[in-house]
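Before any comments, here is the structure.
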Amino acid sequence: MQAIKFSFVDFMKSRLQVIIFLVMAAWNLWLMKISDSSLSVIYYIYFFAVVISIQPFVQEQTAEVGFVNMLPGSKKNRVVGRYFYGFMLQIAAFILSWIDLGIYSIFFQKIPRLAIVATLGCLGIGLIFYSIQYTIFYMLGKIKSQQLAGIIMMTPGFIMLFGLSYFLKMINQYTELDMQWFANHSLLGSTAILFSGSIICIVSMTISAFIVEKKDTI
């Protein structure tokens with residue numbers, strides 16, 4: 001319960017970005033209509049979710065840290081609360097992507113099964129990237145350089161972008177038989193990624209809690 005209070009504080013810090021993130025659902029519908037790949041459009045939702053999840057770290061000022069430290073709860077609660085904040089953003093991205101795919105399939109055209117299954121893999125990838133970022137921020141402590149914070153914040157997103165571009169280029173070279181095999185195993189692959197992301201998230205949170213326990217402040 002205490003951890004949820006800290007999550008609420010993080011949501012309040014990033015409320016403008018969260019609102020923009022929710023509005024993106026309508027924008028993504030338009031992108032799906034003009035784009036040849038619904039999968040590439042889904043990426044933007046998860047990319048923005050990863051970026052927003054880092055905002056509490058980037059926006060923290062001395063006064064804010066003092067306020068957070070005055071709230072009842074252990075250091076572990078603060079870490080769990082922040083991870084819960086990032087986790088909820090990834091879940092929101094997953095829900096929004098399904099809403100977009102559902103509306104698009106009803107009013108425009110049928111969505112490929114691969115794009116639907118890929119949302120599970122995207123969720124797993126999002127969990128992996130935000131967890132790694134959180135661990136890095138907790139290891140480094142309060143970062144005075146906004147440039148360094150920006151690099152840490154944006155690098156995973158660009159990795160996701162280039163990785164997706166390579167993936168789409170690769171599957172375009174597949175034969176029909178290859179695509180059939182890939183489609184038949186896509187659910188297993190996406191589930192494996194999601195499971196791996198969940199494990200990494202738990203391990204990352206444990207490491208971050210250990211790091212914070214050794215420090216005086218977050």
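Its first residue numbered 1, the sequence shown is counted upward by one per residue in full-length UniProt numbering.
All C-beta atoms in this analysis are idealised placements derived from N, C-alpha and C, irrespective of residue type, glycine included.
- A check of alpha carbon separations from V212 across Y85, L188, H185, R78 identifies R78 as the nearest.
- Around the Cβ of G102, a 10 Å sphere holds fewer than 16 other Cβ atoms; the residue is exposed.
- Burial is judged here by how many other beta carbons sit within 10 angstroms of a residue's own beta carbon; K13 has at least 16 and is buried.
- Around the beta-carbon of F137, 16 or more other beta-carbon atoms lie within 10 Å, marking it buried.
- Contact between the segment 114-130 and the segment 93-101 is present: three or more C-beta pairs spanning the two stretches fall below 8 Å.
- With respect to Q2, G81 sits close: the two C-beta atoms are nearer than 9 Å.
- In this chain, the alpha helix (DSSP H) harbouring Q55 covers 55-59.
- Residues F11, I52 of the same chain have their beta carbon placed closer than 7 Å to that of V18, with the five preceding and five following residues left out of the count.
- Residue nearest to Q55 within the set M153, A92, Y104 is M153 (criterion: CA-CA distance).
- Spanning the alpha carbons of T206 and L16 requires a straight line of approximately 29 Å.
- Around the beta carbon of V203, fewer than 16 other beta carbons sit within 10 angstroms, so the residue counts as exposed.
- The beta carbon of N28 sits closer than 7 Å to those of V41, Y44, I45, D100, all from its chain and outside the five residues before and after it, given in chain order.
- For K5, the enclosing alpha helix (DSSP H) covers residues 2-13.
- A Cβ-Cβ contact shorter than 9 Å links Y130 with C201.
- With respect to the C-alpha of P156, the residue from A115, F48, Y166, M139 having the closest C-alpha is F48.
- Rounded to the nearest angstrom, the gap between the Cα atoms of K76 and G163 is 34 Å.
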